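>
Protein chains: 2
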Amino acid sequence: MRRVAAAGYGLTKFRKNDDSLYSVASESMRDLFNNVNKLSQNDIDAVLVSTCDNAQYTASILSEMFGIKPKIAHRIENMCNSGSNAIISAYSYIAAGLCDVAMVVGVEKANSPSAKLEWDLTRGPFKHPAHWAAMFSKAHMDEYGTTEEQLALVSVKNRKNAAMNPSAYFQKKVSVDDVLKSKPIVKPVKLYDCSAPCDGAASILLVAEERVKEFTDQPVWVTGIGQRTMCASFSNVKELTRMDSTILAARDAYAMAKIKPIMIDIAEVHDAFTICEILAYEDLGFVEKGHGGRFAESIDSASVNVNTRGGLIGAGHPIGATGVAQAAEVVMQMQNKAGKRQVKNYKNGLIHNLSAAATSATVVTMGV
Amino acid sequence: MRRVAAAGYGLTKFRKNDDSLYSVASESMRDLFNNVNKLSQNDIDAVLVSTCDNAQYTASILSEMFGIKPKIAHRIENMCNSGSNAIISAYSYIAAGLCDVAMVVGVEKANSPSAKLEWDLTRGPFKHPAHWAAMFSKAHMDEYGTTEEQLALVSVKNRKNAAMNPSAYFQKKVSVDDVLKSKPIVKPVKLYDCSAPCDGAASILLVAEERVKEFTDQPVWVTGIGQRTMCASFSNVKELTRMDSTILAARDAYAMAKIKPIMIDIAEVHDAFTICEILAYEDLGFVEKGHGGRFAESIDSASVNVNTRGGLIGAGHPIGATGVAQAAEVVMQMQNKAGKRQVKNYKNGLIHNLSAAATSATVVTMGV
Numbered sequence: 174m175r176r177v178a179a180a181g182y183g184l185t186k187f188r189k190n191d192d193s194l195y196s197v198a199s200e201s202m203r204d205l206f207n208n209v210n211k212l213s214q215n216d217i218d219a220v221l222v223s224t225c226d227n228a229q230y231t232a233s234i235l236s237e238m239f240g241i242k243p244k245i246a247h248r249i250e251n252m253c254n255s256g257s258n259a260i261i262s263a264y265s266y267i268a269a270g271l272c273d274v275a276m277v278v279g280v281e282k283a284n285s286p287s288a289k290l291e292w293d294l295t296r297g298p299f300k301h302p303a304h305w306a307a308m309f310s311k312a313h314m315d316e317y318g319t320t321e322e323q324l325a326l327v328s329v330k331n332r333k334n335a336a337m338n339p340s341a342y343f344q345k346k347v348s349v350d351d352v353l354k355s356k357p358i359v360k361p362v363k364l365y366d367c368s369a370p371c372d373g374a375a376s377i378l379l380v381a382e383e384r385v386k387e388f389t390d391q392p393v394w395v396t397g398i399g400q401r402t403m404c405a406s407f408s409n410v411k412e413l414t415r416m417d418s419t420i421l422a423a424r425d426a427y428a429m430a431k432i433k434p435i436m437i438d439i440a441e442v443h444d445a446f447t448i449c450e451i452l453a454y455e456d457l458g459f460v461e462k463g464h465g466g467r468f469a470e471s472i473d474s475a476s477v478n479v480n481t482r483g484g485l486i487g488a489g490h491p492i493g494a495t496g497v498a499q500a501a502e503v504v505m506q507m508q509n510k511a512g513k514r515q516v517k518n519y520k521n522g523l524i525h526n527l528s529a530a531a532t533s534a535t536v537v538t539m540g541v
Numbered sequence: 174m175r176r177v178a179a180a181g182y183g184l185t186k187f188r189k190n191d192d193s194l195y196s197v198a199s200e201s202m203r204d205l206f207n208n209v210n211k212l213s214q215n216d217i218d219a220v221l222v223s224t225c226d227n228a229q230y231t232a233s234i235l236s237e238m239f240g241i242k243p244k245i246a247h248r249i250e251n252m253c254n255s256g257s258n259a260i261i262s263a264y265s266y267i268a269a270g271l272c273d274v275a276m277v278v279g280v281e282k283a284n285s286p287s288a289k290l291e292w293d294l295t296r297g298p299f300k301h302p303a304h305w306a307a308m309f310s311k312a313h314m315d316e317y318g319t320t321e322e323q324l325a326l327v328s329v330k331n332r333k334n335a336a337m338n339p340s341a342y343f344q345k346k347v348s349v350d351d352v353l354k355s356k357p358i359v360k361p362v363k364l365y366d367c368s369a370p371c372d373g374a375a376s377i378l379l380v381a382e383e384r385v386k387e388f389t390d391q392p393v394w395v396t397g398i399g400q401r402t403m404c405a406s407f408s409n410v411k412e413l414t415r416m417d418s419t420i421l422a423a424r425d426a427y428a429m430a431k432i433k434p435i436m437i438d439i440a441e442v443h444d445a446f447t448i449c450e451i452l453a454y455e456d457l458g459f460v461e462k463g464h465g466g467r468f469a470e471s472i473d474s475a476s477v478n479v480n481t482r483g484g485l486i487g488a489g490h491p492i493g494a495t496g497v498a499q500a501a502e503v504v505m506q507m508q509n510k511a512g513k514r515q516v517k518n519y520k521n522g523l524i525h526n527l528s529a530a531a532t533s534a535t536v537v538t539m540g541v
């Protein structure tokens, strides 16, 4: 099987305004063309668009807007992990030999139809994701003594990182006290425990081994892939103190990459809420089950750098764009282009992308 | 690269009623489980759903409904060729080694948001696909002397075939006179020149070479794949007497399969309108450019059997299901399960699936 590498990325500022879905998407595509300056439209033989927006034929429309005539073009949706699904699709097309150069574009507007889980009748009137986050938080506090302060530390770190990321929606640091005193949403979840829907797009370019040198001398290889869907509705989520989808996806990704969790230097984890990052520390194997809260206290001295772009809490959560933006961050870090937030001494990166109360998860490892 | 085969299929009756998208989709999945009786939920490691419907998280929801916990699950949309995009995605995942057994489910309700081309502002008020079909028809008549009677023959054949297909939306034969006297839509396109949106679903099971014997002793191999997007808007369609997307997709599919057009025994072509089938005869290489009309007159003596299930005109066009239903027909024929319409002496089959005035096309060849 031939290997696949990311050659470059494109990003937009995450924001809320009146720009159309197509404007936002094309901003990130233009940025990618600027970043990978040897890339021409004729090189691109797949355009995969990740979005939960209802717009039809988006991949073909965006291709036309850029004068690309790809072999493969379609839209991919699986709620919040649409972006990582699109990346893995692009990987597969290239690995299977159906194309050489694939552009993955993730895009969303803040008013995305996926912001509420309207389809899940098992949630009764509790359609907003904050409800399940509250149950996960409470269960972890009860079982392992995790505190609201430890949860708040996730938000403090991610908002601090976001302040060093010009693309991030939030640009201001917050303190533990700010988080604890922020607006109560669903006890114990407060406003600053939550990510915010916003407008944004991210693109990455995946290229077959044989051609990657045409576009970059800093390829970032896709080394491991794991995915798992456990269920869709919240009534079928049996465990509130772990994310089985993540545990299984991580197991497969590490096995494929032949690495262990301790070897991960850069991790973009799916902090839709602070509790998700605590659970991710544990379920990705960075710490033992139950130790996530304490890990949050000492994360500055950990060997893994988590959510350097600010995560979903700091950078914002344009749903279909998130998984692609996570991958773009790992590529940016591994190409030494991350500016103030640049990580040193890295070899392995990871993205972790969830949907709908962790009913499904993606883990992708990347390396140099 | 390991080979990929279709092991079986599932279908619904194409109809219009109040059944939900999930009911319709699950009917075809249940039919697939019945047809491939050694298949259990635990075997399935990818569920890809093709639909233009706005429903979110469909692949995960359908997985849950059937007790499947797949690695890969997402929804795919690219208008009318969504189905073939999903099939090629499943092929890629298997060929790339990320999964072994993939279920592809295509489903649509008649009121699909993709039935009109609302996004194409270059069409002015002429959003209904019948407008471009009229222009294609007129251009072919002017350039090559194709007649309304020849166009009508496509409808007559496909409605005749549909009458032998219990799943087809239309069950009554029509005569050339019926077609010519049917309701004028956009000159020269009449009602019986058109396919009809309807409700319906189709599923196919794709399996890696190493495991296909577990499920069938009649594997139907995916032998060739070609896809091309030329543009999205009608203003960028430069040629009205040929479908460049189809020509390029067919070239790639034949090259990959190492076969020539003359070797195709069974072809499911995208007859959204009668003119599309005439163009397909030419652009898939069954006859020379311009001879499509005459080919329609003598098709009963041709070596290729075209649209044995009735095509989109006879079977109906549940948009996201169509590409999958085309593949299901080829598999059904090659497994000798097509009843009254069973073809004899076959080796190579083909599906041809278009979107939006042939701005994009898919060609997949399959063989035994």
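Protein chains in written order, with this note's numbering: chain A, 174 to 541; chain B, 174 to 541. In this text, a Cβ means the ideal position worked out from N, Cα and C, and glycines have one as well. Predicted model, so just to flag it, every value in this text is computed and none were measured.
For the beta strand (DSSP E) that contains A:M147, what are its first and last residues?
Residue 147 of chain A falls outside the range modelled here, since chain A spans only 174 to 541, and no answer is possible.
> Whose C-alpha, out of A:S233, A:Q508, A:G465, A:Y266, is nearest the C-alpha of A:M174?
If you number the first sequence from 1, residue 174 of chain A lands on position 1. A:M174 has its Cα closest to that of A:Y266, out of A:S233, A:Q508, A:G465, A:Y266.
> Within 10 Å of its beta-carbon, does A:K242 have 16 or more other beta-carbons around it, so buried, or fewer, so exposed?
The sequence position of residue 242 of chain A within the first sequence is 69, counting from 1. With 16 or more Cβ atoms within 10 Å of its Cβ, A:K242 is classed as buried.
> Express the C-alpha separation of A:T389 and B:G279 in angstroms, rounding to a whole number.
Indexing the second sequence from 1 puts residue 279 of chain B at position 106. Indexing the first sequence from 1 puts residue 389 of chain A at position 216. Whole-angstrom Cα-Cα distance: 39 Å.
> Which bits of chain A does B:S255 rub up against, with CB to CB less than 9 Å?
As a working note, residue 255 of chain B is residue 82 in the second sequence. Residues of chain A passing the Cβ test: H247, R248.
> Give a yes or no on whether the minimum CB-CB distance between A:M416 and chain B is below 9 Å.
By 1-based counting over the first sequence, the position of residue 416 of chain A is 243. Not closer than 9 Å to any Cβ of chain B, the Cβ of A:M416 fails to qualify, so no.
> What number of angstroms, rounded off, separates the C-alpha of A:L235 from the C-alpha of A:S199?
Counted from its first residue, the first sequence places residue 235 of chain A at position 62. Counted from its first residue, the first sequence places residue 199 of chain A at position 26. Cα-Cα distance, rounded: 7 Å.
> Cα-Cα, which of A:G522, A:E470, A:K386 is closest to A:N478?
Translated into the one-based positions of the first sequence, residue 478 of chain A becomes position 305. Per the Cα distances, A:G522.
> Quick one: measure Cβ to Cβ for A:V536 and A:G399, integer angstroms, because I've assumed they're closer than 8 Å.
One-based indexing of the first sequence puts residue 536 of chain A at position 363. One-based indexing of the first sequence puts residue 399 of chain A at position 226. Going by Cβ atoms, the distance from A:V536 to A:G399 rounds to 4 Å, so yes, they are a contact pair.
> Suppose you measure from the CA of A:K356 to the CA of A:Y365; what does that come to, to the nearest Å?
In the first sequence, counting from the first residue as 1, residue 356 of chain A sits at position 183. In the first sequence, counting from the first residue as 1, residue 365 of chain A sits at position 192. The alpha-carbon atoms of A:K356 and A:Y365 are separated by roughly 8 Å.
> By Cβ distance, which residues of its chain are closer than 6 Å to A:F309, with the 5 residues on each side in sequence left out?
Position 136 of the first sequence holds residue 309 of chain A. The answer, listed in chain order, is L413, I448.
> Going by alpha carbons, who is nearest to B:G493 out of B:S285, B:K345, B:Q344?
Numbered from its first residue, the second sequence carries residue 493 of chain B at position 320. Among B:S285, B:K345, B:Q344, the Cα nearest to that of B:G493 is on B:S285.
> Taking all protein chains shown into account, decide if A:P339 is buried (16 or more other Cβ within 10 angstroms of its Cβ) or exposed.
On the first sequence, position 166 is the one that residue 339 of chain A refers to. Label assigned to A:P339: exposed.
> Along the beta strand (DSSP E) that carries B:M539, what are the first and last residues, could you check?
Here residue 539 of chain B refers to the residue found at position 366 when the second sequence is read from its first residue. That run of the beta strand (DSSP E) goes 533-540.
> Between B:A246, B:V274, B:M252, which lies nearest to A:I549 when the distance is taken from Cα to Cα?
Examination of residue 549 of chain A is not possible in this model, given that chain A is present from 174 through 541 alone.
> For a quick check, are the C-beta atoms of B:N254 and B:G483 less than 9 Å apart?
By one-based count along the second sequence, residue 254 of chain B stands at place 81. By one-based count along the second sequence, residue 483 of chain B stands at place 310. Their beta carbons are not under 9 Å apart, which means B:N254 does not touch B:G483 by this criterion.
> Within the 9 Å Cβ cut-off, does B:C371 reach chain A?
The sequence position of residue 371 of chain B within the second sequence is 198, counting from 1. No, B:C371 lies away from the interface with chain A (no Cβ there is under 9 Å from its Cβ).
> Mind checking the segment 476-493 of chain A against chain B and listing, in chain order, the residues whose C-beta falls within less than 9 Å of any C-beta there?
Per Cβ criterion, the list is empty.
> Is it a yes or a no for the segment 320-327 of chain B touching the segment 443-463 of chain B, going by three-plus beta-carbon pairs under 8 Å?
Yes, they touch.
> Expressed to the nearest angstrom, what Euclidean distance is found between the alpha-carbon atoms of B:C225 and A:Q229?
Working through the second sequence from its first residue, we reach residue 225 of chain B at position 52. Working through the first sequence from its first residue, we reach residue 229 of chain A at position 56. One C-alpha to the other measures close to 7 Å.
> For B:P357, write down the residues that DSSP places opposite it in a beta bridge.
Walking along the second sequence from the start, residue 357 of chain B turns up at place 184. DSSP output for B:P357 lists B:K363 as bridge partner(s).
> Helix, strand or coil, according to DSSP, for A:V329 in the structure here?
What you label residue 329 of chain A is simply residue 156 of the first sequence in a count that begins at 1. Here A:V329 sits in helix by DSSP.
> Could you pull out every unbroken beta strand (DSSP E) segment of at least 3 residues lying fully inside the segment 491-539 of chain B, listed in chain order?
For the segment 491-539 of chain B, whole beta strand (DSSP E) runs of length 3 or above, ordered along the chain, are 521-528.
> Taking the continuous beta strand (DSSP E) assigned at B:I451, which residues delimit it?
Taking the second sequence and counting its residues from 1, one reaches residue 451 of chain B at position 278. No beta strand (DSSP E) contains B:I451, which is instead part of the alpha helix (DSSP H) from 447-456.
> Could you tell me whether the Cβ atoms of A:A422 and A:R401 are closer together than 9 Å?
For the purposes of this step, residue 422 of chain A is identified with residue 249 of the first sequence, where counting begins at 1. For the purposes of this step, residue 401 of chain A is identified with residue 228 of the first sequence, where counting begins at 1. In this structure, A:R401 lies closer than 9 Å to A:A422 by Cβ.
> Closer than 8 Å is the cut-off here; do at least three beta carbon pairs connect the segment 460-475 of chain A with the segment 194-213 of chain A?
Too few Cβ pairs lie closer than 8 Å, so no.
> Roughly how many angstroms lie between the CA atoms of A:D574 and A:H490, to the nearest whole one?
As shown, chain A starts at 174 and ends at 541. That puts residue 574 of chain A outside it, with no answer to give.
> Across the segment 268-282 of chain A and the segment 211-224 of chain A, are there enough close Cβ pairs to call them in contact, namely three or more that are closer than 8 Å?
As far as the Cβ criterion goes, the segment 268-282 of chain A touches the segment 211-224 of chain A, which means the pair count is three or higher.
> Going along chain A, which residues have a C-beta under 8 Å from B:Q214?
Indexing the second sequence from 1 puts residue 214 of chain B at position 41. Correct list: empty, because the minimum Cβ distance to chain A is about 12 Å.
> Taking only beta carbons into account, state which residues of the segment 390-403 of chain A come closer than 9 Å to chain B, listed in chain order.
Listed in sequence order: I398, G399, Q400, R401, T402, M403.
> Can the beta-carbon of B:V516 be found less than 9 Å from the beta-carbon of B:M539?
Start at 1 with the first residue of the second sequence, and residue 516 of chain B comes out as number 343. Start at 1 with the first residue of the second sequence, and residue 539 of chain B comes out as number 366. Their beta carbons are not under 9 Å apart, which means B:V516 does not touch B:M539 by this criterion.
> Listing by chain order, which chain B residues have their CB less than 8 Å from the CB of A:G279?
Within the first sequence, the letter at position 106 stands for residue 279 of chain A. Those within 8 Å of A:G279 in chain B number zero; the least Cβ separation is about 13 Å.
> With a Cβ-Cβ cutoff of 9 Å, do A:T481 and A:E441 count as a contact?
As a working note, residue 481 of chain A is residue 308 in the first sequence. As a working note, residue 441 of chain A is residue 268 in the first sequence. Yes.
> Alpha carbon to alpha carbon, how far is A:L353 from A:T320? Give it in angstroms, no decimals.
The residue you call residue 320 of chain A lines up with position 147 of the first sequence. The residue you call residue 353 of chain A lines up with position 180 of the first sequence. Those two C-alpha atoms are separated by around 11 Å.
> In chain B, which residues lie less than 7 Å from A:Y266 when you measure between Cβ atoms?
Within the first sequence, numbered from 1, the residue matching residue 266 of chain A stands at position 93. Result: S265.
> Of all the options A:S474, A:A268, A:K386, A:A488, which has the alpha carbon lying nearest to the alpha carbon of A:K211?
Your numbering for residue 211 of chain A matches position 38 in the first sequence. Comparing Cα positions, the closest option is A:K386.
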